[in-house]
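In short: position in the sequence shown from 1, add 3, done, that's the numbering used here.
Glycine included, each C-beta is placed from N, C-alpha and C at the ideal position.
The structure displayed is predicted, hence computed values, not measured ones.
One structure is given here, and the rest of the page talks about it.
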Amino acid sequence: MKAIQVYQFGGPEVLAVHEVPTPKPGPGEVLVRVRAAGVNPYDTYMRNGAYPVKPALPYTPGSDAAGTIEAVGEGVAKVKPGDRVYTATTLTGAYAEYALARENQVYPLPEKISFSQGAGLWVPYGTAYTALRHHADARAGETLLIHGASGGVGIAAVQWARTLGLTVIGTAGSSRGLELVKKEGAHHVFDHSKAGYPEDILKATGGRGIDLILEMLANVNLGTDLKLLAFRGRVIVIGNRGEITINPRELMARRAAVRGFTLWAATEAECAEIHAAIAAGLENGTLRPIVGKELPLKDAPQAHIDVLAPGAFGKIVLIP
Ligand code: NAP
C-alpha cells in the first residue's frame, strides 16, 4: 500500500509517499481502507519533532481517518467488512491507503456524512466538545468567544455551542472565514487581523464581558483575553505555540480562571461521551463538518504548509 512515511523529523518536505506492506489485523484489531485523512496542526508539530510525543521513526502521521472496514481480526464484534467508520487515532497512522486500528478506535460514519467530513471528526469535534463540556462548564445563556473560529476546532465549537444555548462570538482572519463562522451559527463575528477588534467584542457584550473564551492561539491572545472576561469568566486554552506575559491582576479582579487540557488525556468515559454526542449530532444535523480543501496523499507537504497558514476554512483532508 501507499503511505506517507517520515524517516526524519523536519520540514514539510520529509513527508513522502512510500510503498509499505499492508498491515494485517490481529486479535481485537481492524483494517480500515482509508478514503480521507484529516490534517491537524499537531501533525506538523509531531513531524517537526517539537511535540512532547515523539513517534519511533519511520512513522506514518495522522490520527483522523474515514473509510470502510476492509478486514477484522479475531474477536472483533463491533464492526464487519464494508462498514463505514471514522477513526479516533489509529495504530499505524492515517496518511495511508490502509490504517490498522483497535476495535475501540473506530466509530460508525452515517451514510449522509462523506468520508472527507468523517476525517474531520475526532480531533476537531472531540476537542471542541471536551473543551465546552468537560473543562469550561459551559452553561446555556452564557456568552462564548471562540478566538479562532474558522478552522477545524473553531467550526466544531460554533456548532456545539449553538446546541448548548450559548451566545456565540467567533473570530477569523479572512472575509471568507468570517462568512463561514457566521453561516455555521455564530451570533457575532470579528476579524482578529484588524486593529482594535477586542474593543469591538467588548462593545458587543454591552461592556459586560465574556463568560467563556475558547482560545486557539494563547501565546498571542491570552493577555487580551483576560481583559475581555466577565466576572467569574474562564479562558480555556486549546492552542498555544509559545510564551506570553500576562497580568495576573486581571484574573484577581474578576475571580477568573485560565484552564488548559489536551484531548489525548481524555478518559475512557469522556471519550465514550464524546463519541455518543458526535453520533447524535451527526444524526440530528446539528454537526456538519466543513471541508475546505481536499488534496491527494502525495500533497501532504502542501497540506502541512496550508494548515498553518492564515485564512482557515474548516478542514484540510488528504485523499489516498
Ligand atoms: P486550524 O484548522 O489550522 O485553525 C486555526 C485557527 O486559528 C483558525 O481559525 C485561524 O483563523 C485561527 N487564528 C489564526 N491567527 C489567530 C489569532 N491571531 N487569533 C486568534 N485565532 C487565530 O487549527 P485547529 O485544528 O482549529 O486547531 C486550533 C489550535 O488548537 C491549534 O493550535 C491546534 O494545535 C490546537 N489544538 C489543541 C488540541 C488540544 O488537545 N488541546 C486539540 C486540537 C487542536 P484564520 O486562519 O481565519 O486567521
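Identity of the residue in the options nearest residue i by Cα
{"i": "phenylalanine 193", "options": "Asp67, Val20, Leu148 and Glu246", "result": "Leu148"}
{"i": "histidine 191", "options": "Gly199, Lys197, Thr146 and Gly41", "result": "Thr146"}
{"i": "arginine 87", "options": "Val240, Val261, Val126 and Ser119", "result": "Ser119"}
{"i": "methionine 49", "options": "His138, Pro251, Glu218 and Phe12", "result": "Phe12"}
{"i": "alanine 59", "options": "Ala122, Asp309, Thr95 and Arg257", "result": "Thr95"}
{"i": "lysine 83", "options": "Val42, Val56 and Pro28", "result": "Pro28"}
{"i": "aspartate 228", "options": "Ile116, Pro24 and Gly151", "result": "Gly151"}
{"i": "isoleucine 76", "options": "Leu285, Asp309, Gly31 and Glu273", "result": "The residue asked about is misnamed: residue 76 is glycine in this sequence, not isoleucine. The shortest C-alpha separation from glycine 76 is found at Gly31."}
{"i": "tyrosine 200", "options": "Thr174, Ala189 and Gly209", "result": "Thr174"}
{"i": "asparagine 250", "options": "Leu311, Lys81, Ala260 and Gly85", "result": "Ala260"}
{"i": "glycine 242", "options": "Glu202, Leu311 and Ala283", "result": "Leu311"}
{"i": "isoleucine 281", "options": "Gly209, Thr166 and Gly188", "result": "Thr166"}
{"i": "valine 42", "options": "Val156, Lys81, Ala141 and Pro26", "result": "Val156"}
{"i": "isoleucine 239", "options": "Glu202, Glu271 and Asp140", "result": "Asp140"}
{"i": "valine 56", "options": "Ser117, Ala143, Ala268 and Glu202", "result": "Ala268"}
Beta-bridge partners of residue i, as assigned by DSSP
{"i": "histidine 195", "result": "Paired residue(s): none; histidine 195 is not in a bridge."}
{"i": "glutamine 8", "result": "Ala19"}
{"i": "isoleucine 216", "result": "Leu148 and Val238"}
{"i": "alanine 272", "result": "Alanine 272 is not bridged to any residue."}
{"i": "alanine 69", "result": "Ala39 and Tyr89"}
{"i": "isoleucine 319", "result": "Val42 and Lys296"}
{"i": "proline 111", "result": "Val88"}
{"i": "glycine 284", "result": "According to DSSP, glycine 284 bridges with nothing at all."}
{"i": "tyrosine 200", "result": "Paired residues: none, contrary to the question."}
{"i": "leucine 60", "result": "None; leucine 60 has no bridge partner."}
{"i": "glycine 29", "result": "Bridge partners of glycine 29: none, in fact."}
{"i": "valine 75", "result": "Val33"}
{"i": "threonine 170", "result": "Thr146"}
{"i": "glycine 263", "result": "Val240"}
{"i": "tyrosine 101", "result": "Arg36"}
Any non-hydrogen atom of the ligand NAP within 7 Å of residue i CB
{"i": "methionine 219", "result": "yes"}
{"i": "glycine 151", "result": "yes"}
{"i": "alanine 175", "result": "yes"}
{"i": "proline 44", "result": "yes"}
{"i": "threonine 130", "result": "yes"}
{"i": "threonine 265", "result": "yes"}
{"i": "proline 127", "result": "yes"}
{"i": "valine 2", "result": "For residue 2 there is no data in the structure shown, the boundaries of the chain being 4 and 323."}
{"i": "threonine 195", "result": "Correcting the residue type first, residue 195 is histidine in the shown sequence and not threonine. Yes - the ligand NAP has a heavy atom lying nearer than 7 Å to the Cβ of histidine 195."}
{"i": "alanine 40", "result": "no"}
{"i": "valine 238", "result": "no"}
{"i": "isoleucine 241", "result": "yes"}
{"i": "proline 313", "result": "yes"}
{"i": "valine 223", "result": "yes"}
{"i": "glycine 180", "result": "yes"}
{"i": "valine 156", "result": "yes"}
Between the CA atoms of residue j and residue i - distance to the nearest angstrom
{"i": "glutamate 106", "j": "phenylalanine 264", "result": "26 Å"}
{"i": "alanine 221", "j": "valine 35", "result": "36 Å"}
{"i": "leucine 290", "j": "tyrosine 54", "result": "29 Å"}
{"i": "glutamate 114", "j": "glutamate 297", "result": "19 Å"}
{"i": "isoleucine 158", "j": "proline 15", "result": "25 Å"}
{"i": "serine 153", "j": "proline 44", "result": "14 Å"}
{"i": "arginine 136", "j": "glycine 65", "result": "25 Å"}
{"i": "valine 171", "j": "alanine 207", "result": "11 Å"}
{"i": "serine 248", "j": "alanine 279", "result": "Rather than serine, the amino acid found at residue 248 in this sequence is threonine. The straight-line gap from Cα to Cα measures roughly 39 Å."}
{"i": "glutamate 246", "j": "asparagine 224", "result": "11 Å"}
{"i": "valine 79", "j": "glutamate 73", "result": "13 Å"}
{"i": "glycine 176", "j": "lysine 185", "result": "13 Å"}
{"i": "glutamine 162", "j": "valine 9", "result": "34 Å"}
{"i": "isoleucine 7", "j": "valine 20", "result": "4 Å"}
{"i": "isoleucine 121", "j": "valine 294", "result": "Note on residue identity: the sequence assigns glycine, not isoleucine, to residue 121. Taking the straight line joining both Cα atoms gives about 10 Å."}
{"i": "isoleucine 308", "j": "alanine 97", "result": "18 Å"}
{"i": "valine 23", "j": "glycine 52", "result": "23 Å"}
{"i": "leucine 315", "j": "glycine 168", "result": "One point to set straight first is that residue 315 is alanine, not leucine, in the sequence displayed. Taking the straight line joining both Cα atoms gives about 25 Å."}
{"i": "glycine 284", "j": "valine 33", "result": "25 Å"}
{"i": "serine 196", "j": "arginine 179", "result": "13 Å"}
{"i": "cysteine 274", "j": "leucine 266", "result": "9 Å"}
{"i": "proline 304", "j": "glycine 209", "result": "45 Å"}
Rounded distance between the beta-carbons of residue j and residue i, thought under 8 Å
{"i": "proline 323", "j": "glutamate 100", "result": "5 Å"}
{"i": "glycine 317", "j": "leucine 183", "result": "7 Å"}
{"i": "isoleucine 204", "j": "leucine 232", "result": "Not really, about 11 Å apart at Cβ, beyond 8 Å."}
{"i": "alanine 91", "j": "tyrosine 62", "result": "Their Cβ separation, rounded to whole angstroms, is 18 Å, which puts alanine 91 and tyrosine 62 out of contact at 8 Å."}
{"i": "leucine 217", "j": "alanine 134", "result": "5 Å"}
{"i": "arginine 325", "j": "leucine 215", "result": "Missing from the structure shown is residue 325; the chain here goes from 4 to 323 and no further."}
{"i": "alanine 104", "j": "alanine 69", "result": "Contact flag wrong, Cβ pair sits at about 12 Å."}
{"i": "arginine 252", "j": "phenylalanine 234", "result": "Not a contact, Cβ separation roughly 14 Å."}
{"i": "alanine 160", "j": "alanine 198", "result": "Not really, about 25 Å apart at Cβ, beyond 8 Å."}
{"i": "histidine 138", "j": "arginine 244", "result": "With 8 Å as the limit, histidine 138 and arginine 244 do not qualify as a contact, their Cβ atoms being about 20 Å apart."}
{"i": "aspartate 46", "j": "tryptophan 125", "result": "Aspartate 46 to tryptophan 125, Cβ: 13 Å. No contact."}
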